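In order, the protein sequences belong to chains U and X. According to the working numbering, numbering within the first sequence proceeds without interruption in unit steps and concludes at 1042. According to the working numbering, numbering within the second sequence proceeds without interruption in unit steps and concludes at 427. Working notes, structure below.
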Amino acid sequence: MATLSLKEWLQRLESDRRFRENATSVTHIPASEGSYAPYPVWVHKGLKAVLEKRGIRRLYSHQARAVELVRQGRDVVLVTPTASGKTLCYNLPVLQRILEEPETRALYLFPTKALANDQMHEVHGLIGELKADIRTFTYDGDTPDDARQAIRKQGHVVVTNPDMLHTGILPHHTKWQKLFANLRYVVVDELHIYRGVFGSHLTNVFRRLKRVCRFYGADPVFVCCSATVANPREHAQNLLEKEVVLVDESGAPRAEKTFVLFNPPIVNRELGIRQSALTPARKIAGDLIGNHIQTIVFTTSRLNVEVLTRYLKDTFRAKIPGRDHYVAGYRGGYLPNLRRDIEKGLRERSVMGVVSTNALELGIDIGDLEACIMAGYPGTIASTWQQAGRAGRRAGHSLAILIARSNPMDQFIVEHPDYFFSRSPEHCRVNPDNLLILLHHIKSAAFELPFEEGERFGKEDLMELLTYLEDKGVLHRVDQRWHWAAESYPADEVSLRTVNPENVVVVDTTETGNHRVIAEVDWDSAFTTVHDDAIYMVESQQYHVDRLDLERKKAYVKKVDVDYYTDAMTYTNVRVIDGFAVRKRGSVIIEHGEVQVSRKVVGYKKIKFYTSENVGYGDVNLPQKDMHTTSYWFTVPWDLLDFLELRREELIDGLAGLAYCLHHIAAMLVMADIRDLDRCIGDKSGEWFVRYGADRRLITATPGQPMNVMENAFDPTVFVFDAYPGGIGFSDLLYERHDELVSAAQSLISSCPCEHGCPMCVGPALEVGPSAKASALAILGLLEAP
Amino acid sequence: MSLRDRLGRLTGEGTQPGRSDPPGELISELRRRIEEVVNRRPVPGPQAHSGRDRTGIPLERLVTGEEVRTPRGGLFFSRSVLAGSHRHGVFRVGDLGHIDMRSAALLAGSDEIAAFEPGHALFLDTETTGLAGGTGTFPFLIGLGWFEGDSFVTTQLFARDFSEEIPMLCLLDELARDRRFLVTFNGRAFDLNLLSARFVLNRMEDTLSNMPHLDLLHPGRRLLRHRMDNARLTTIEACVLGLTRDDDVPGYEIPRRYFDWLRSRDGSLMEDVFRHNRLDIVSMAALLKHLADLVAGGPGRESAHPGDVLCAARLHEERGDTQTALSMYERIAGSPDSRVAISALRACSLIYKKASRWEDAVLIWEGMISRDPLDLFAAEELAKFCEHRRGEFKRAALIVKTVLEGSRTLSPEERSSLEHRLNRLARKSSAP
Ligand SMILES: [Zn+2]
């Protein structure tokens, strides 16, 4: 059978009527010329020869500018597309300096091990050809103990990750004296990954790093690389807390690319159910690979990697027998050897299709693939481009297809190509002075070096925080210095990446004497999934929860076989503590500030399988969870809502649907995971909240309050808040971008093809009620009116 | 609003009354969790509080010692001398200094030490604010010991506060310069590591890490572990040195004691810690004496535990001193402990074999077989000897056959190897 070239394949595709119906946008990005500059005169001859031997006869204009700035000792953030040679921007000045001054040390930080390893190989390659005595090591959790001492003393370039810097290097800085005393460069790649909680932690890790460097008399230059986001320079300056020069005009030539946004067909219009994104992904990938077009597919979960790999393997097993690796999965958790084999197979084109989770988990050196399929929006425009960049790095024509899933974020993106292709709207935010985060790092910093009177760390009053910790008994003050005075190792107490490191372990006690751990549930969802008498399901086996022991963080369960499942009923109540800013739009009041969020699981419903009828209730007695955080909110006055002539239930459904939609869009704008934000409807005083009760959605009073004062005194407020104690800095951004949020919600809901609401707009109709969509649109009309 | 109030709100502490706050028990849940994150120290037990309840007793009244001045400030210094006649467990202090330095060098795995004298040794042990390691762990008490003539001197350098760290390190540096090598118990991984960090942190030269070092943990574990549950110093004391400590302060309690001392200055908190540290130092000296005698294998060691001697012999053999190893193996070959005796006999026979002292080797193998005809080791060695050296195929076959038929404990591999040998012997003996 004759195969099609990518160009022919695309022509055929574009004349396919069914494809055209589902492709919301087909964008051709033309090739463009590069812009070049000669090597700076100071570049070492040997180094230049090695680079020239690799085909780099001159630099791209952005490389030339970046290396010159780094040479001058300026801190730089580099924002250029994939495959624009950004690693050279730091490797060149770093190696140059080591050649000139062999004591020079550099620290490279990458967010994942895969990237760190790739970087190692690249630098190793350069050094090997240079024939210079320059040593590069990765230092991470896998580094053997006996190798560590050599790395500490001899490594010119130490490649590691922020977590290791935080727990393994800074608290032992005396062993790294040689590194810190001679540290000239810190390279931070994938800067945009460090946002939200992770970024807030990293800012503090950098505060500690700079503090330790000061102790040894070093003041390193930071070289950062970031994907395209709306505020790269601001973000870099927030993370590093110093002036940073932005280099963002790429001089790299660009190959031709076709970018398709694809929305799977609707299979149930009433409920607004679309085909799973995996189905078209499988079909398109199978067709591409069948035409010998080397293809990578990105999915959003490890499970999906396995499922899709399996499907594709089955497709080709019959056609191309004996080539089990014709299609391969590739994800974290695979052994390094297998990964290397697959990478090699990709380069040699013996592997023609690969399914992966995340561009950052993927080794860089996989050759030039032709097509990239993304089954699900990767969460940010920045990472979408990063994944798309995995096809056609230098080659001729390449293809990228983004297939939407059924959630508001994916839908918004594929239905708004202009939003996607225009200048990046995504902002990176950090809040390094979140008190809890700051306090963790002040403790770690005190462990590393005693604090001195008058020292600064973060923007809060350090002396007051030190006194607080002194009162807590973890610091001891003597002669104007605060010393760490506890047995513990504070860096181990906080993970940079997860919001709440605590988990509840689910223990199966069905067989006496043979208790087994069957699952772990994160602390917050434990309250709703493994409360007493809940039915907990693992791989379709049902378990009854006999007891949730919060003290020991264990849930004891027994196997059962019942015809119902349980659904927890919670209330969330937000009380405004302090408004930071307020403005009005018509009579709608928009604000942001500090709030107290209280959440309590009050009971559960038993719901019968298949029929979904309620077959009983139960009470749950768990502590209320309180959190102080920051929120954005807006209030619609009751008399304005009165115009809409909606019944109260309809109104609440509308508000709930609107909040669902806004929550998703907000996460998209601030590059947050959906779980980093949360939402609630209530009123500002915290006296009222919406109860998703037994069978009706009600406005009710906080328990203990009288029920009869609720008549029309209620001015409903929609809160979207940071789901981290103390807040992470999203709220003021959302406040500023309120109008954008509202118009995006309007556009998303009104263009959704469902009838009464669906997961792609206001939430599943069965959950939010049949009038949610219409009511939400009516309320949006009020919000948009001047 | 003050920072402290904001912290209070985040941690759920100090919520003001009058507001419509959620019930107290609920808030305590959040507080408990955040408290755990903010401050993971265990809840102080009643003992830990005792410092506050009592009126502080000055340290000088409980511990022999006084403030000393260094150019960089003062610290508390305690010195005590144990006379030669003093007993530490089963040892007389006066005997502890009689150490064969070649044996000490063997224990250290460092030839350098053989050139020193026992009086050059600096015994060192620290008490610290934790076991976590890293720059935030503070060695607040440094115990040192050395031989002076017949007596043993211990000195203890105590930082009464963090501010006395530099004077403490200065004095340590000065005292260490009088000695030539270090003796510790687990110092390589712990004490010296920590002290090294402290020198760097205080921008001082680290004299200790350049000194030759005998860490007793590894030889102690190697020679004694076979008859102990663990290789902790207190376990070794009880098993080997014949010393039991009464009312010793448990190690895990020591950091807590120091933190309480910092607040209360109650000397009674520290008194036990000083004693604990001093005992550790003296026990190190006794342990060194015991181990050195053990590997020296000289006269007067007939009372040595045969299992220990076996381990010592193996150590010599590994380091290439076959002669000493052999004499030690020979000494315990008749031990009533049959497992030790058999191991020693095997080891002897292999040394003979290697040296082509066939007669001696065969004598051992034959002896072993006459005691136990199913002894696999002896049978195999003797069969090999008969086959390859003597060409006595029939005798060899008989030995192998006896084991094959009689033994119930052979592994499949052992069995098939014996069968293989037997077949070959059968072929050879039937050949013309
Ligand atoms: Zn919809």
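Quick reminder that beta carbons are idealized off the backbone N, C-alpha and C, glycines included. Here the structure is a predicted model, which means the values were calculated and not measured.
Beta-carbon separation of residue i and residue j under 9 Å?
i                      : j                       : result
residue 200 of chain U : residue 1032 of chain U : This structure cannot speak to residue 200 of chain U, because chain U is shown only from 257 to 1042.
residue 918 of chain U : residue 910 of chain U  : no
residue 480 of chain U : residue 523 of chain U  : no
residue 974 of chain U : residue 935 of chain U  : yes
residue 468 of chain U : residue 705 of chain U  : yes
residue 462 of chain U : residue 502 of chain U  : no
residue 180 of chain X : residue 120 of chain X  : yes
residue 102 of chain X : residue 203 of chain X  : no
residue 346 of chain X : residue 317 of chain X  : yes
residue 350 of chain X : residue 363 of chain X  : no
residue 83 of chain X  : residue 238 of chain X  : yes
residue 712 of chain U : residue 721 of chain U  : no
residue 138 of chain X : residue 118 of chain X  : yes
I'd like the list of long-range same chain contacts for residue i, defined as Cβ closer than 7 Å, with 5 residues on each side in sequence excluded.
i                       : result
residue 536 of chain U  : 518, 520, 659
residue 301 of chain X  : 327, 330, 332, 335
residue 306 of chain U  : 382, 385, 386
residue 1026 of chain U : 1012
residue 43 of chain X   : At residue 43 of chain X, the pLDDT of 40 sits below 50, so the modelled position is not reliable; the number obtained from the coordinates is stated separately. The residues are 251, 255.
Quick one: what's got a C-beta closer than 8 Å to residue i's C-beta in the same chain, skipping five residues either side?
i                      : result
residue 508 of chain U : 290, 316, 318, 336, 337, 339, 340, 341
residue 960 of chain U : Bear in mind that a pLDDT of 49 at residue 960 of chain U, under 50, signals an unreliable position, so the number given afterwards is only what the model happens to contain. Once the five neighbours on either side are set aside, residue 960 of chain U has no close Cβ partner at all.
residue 543 of chain U : 265
residue 287 of chain U : 509, 510, 511, 512
residue 1 of chain X   : none
residue 52 of chain X  : 261, 262, 263
residue 226 of chain X : 212, 215, 216, 219, 220
For the beta strand (DSSP E) containing residue i, list its first residue and its last residue.
i                      : result
residue 884 of chain U : 881 to 891
residue 405 of chain X : Neither: residue 405 of chain X is in no beta strand (DSSP E) and is coded neither H nor E.
residue 747 of chain U : Note, residue 747 of chain U: premise wrong, no beta strand (DSSP E); not H, not E.
residue 805 of chain U : 797 to 805
residue 524 of chain U : 522 to 524
From the options, pick the residue whose C-alpha is nearest to that of residue i; which is it?
i                      : options                     : result
residue 609 of chain U : U/580, U/591, U/672, U/637  : U/580
residue 151 of chain X : X/59, X/384, X/424, X/309   : X/59
residue 215 of chain U : U/437, U/694, U/791         : What the structure shows of chain U is the stretch from 257 to 1042, and residue 215 of chain U is not part of that stretch, so it cannot be assessed.
residue 985 of chain U : U/940, U/354, U/927, U/604  : U/927
residue -1 of chain X  : U/403, U/435, U/728, U/505  : U/728
residue 863 of chain U : U/821, U/558, U/884         : U/821
residue 126 of chain X : X/251, X/403, X/412, X/304  : X/251
residue 68 of chain X  : X/270, X/344, X/160         : X/160
residue 263 of chain U : U/396, U/991, U/655         : U/655
residue 904 of chain U : U/865, U/389, U/851, U/1035 : U/1035
residue 892 of chain U : U/725, U/844, U/426         : U/844
residue 371 of chain U : U/540, U/830, U/403, U/595  : U/595
residue 243 of chain X : X/258, X/231, X/236, X/269  : X/269
Along the chain, where does the alpha helix (DSSP H) that runs through residue i open and close?
i                      : result
residue 290 of chain X : 262 to 291
residue 96 of chain X  : 96 to 103
residue 89 of chain X  : 88 to 91
residue 917 of chain U : 904 to 925
With a CB to CB cut of under 6 Å and the five nearest residues on each side skipped, what residues in its chain are close to residue i?
i                      : result
residue 670 of chain U : 280, 517, 519, 660
residue 258 of chain U : none
residue 350 of chain U : 362, 441
residue 304 of chain X : 323, 327
residue 783 of chain U : 857, 878
For ligand 2, is there a heavy atom less than 8 Å away from the beta-carbon of residue i?
i                      : result
residue 877 of chain U : For ligand 2, the structure offers nothing, since it holds only ligand 1.
Tell me, please, whether the CB atom of residue i is closer than 9 Å to any CB atom in chain B?
i                      : result
residue 298 of chain U : Of the chains in the structure shown, none is chain B; the protein chains are U and X.
>> Which residues neighbour ligand 1 when neighbourhood means a C-beta less than 5 Å away from any of its non-hydrogen atoms? List them by chain order.
In response: U/528, U/1008, U/1010, U/1014, U/1016, U/1017
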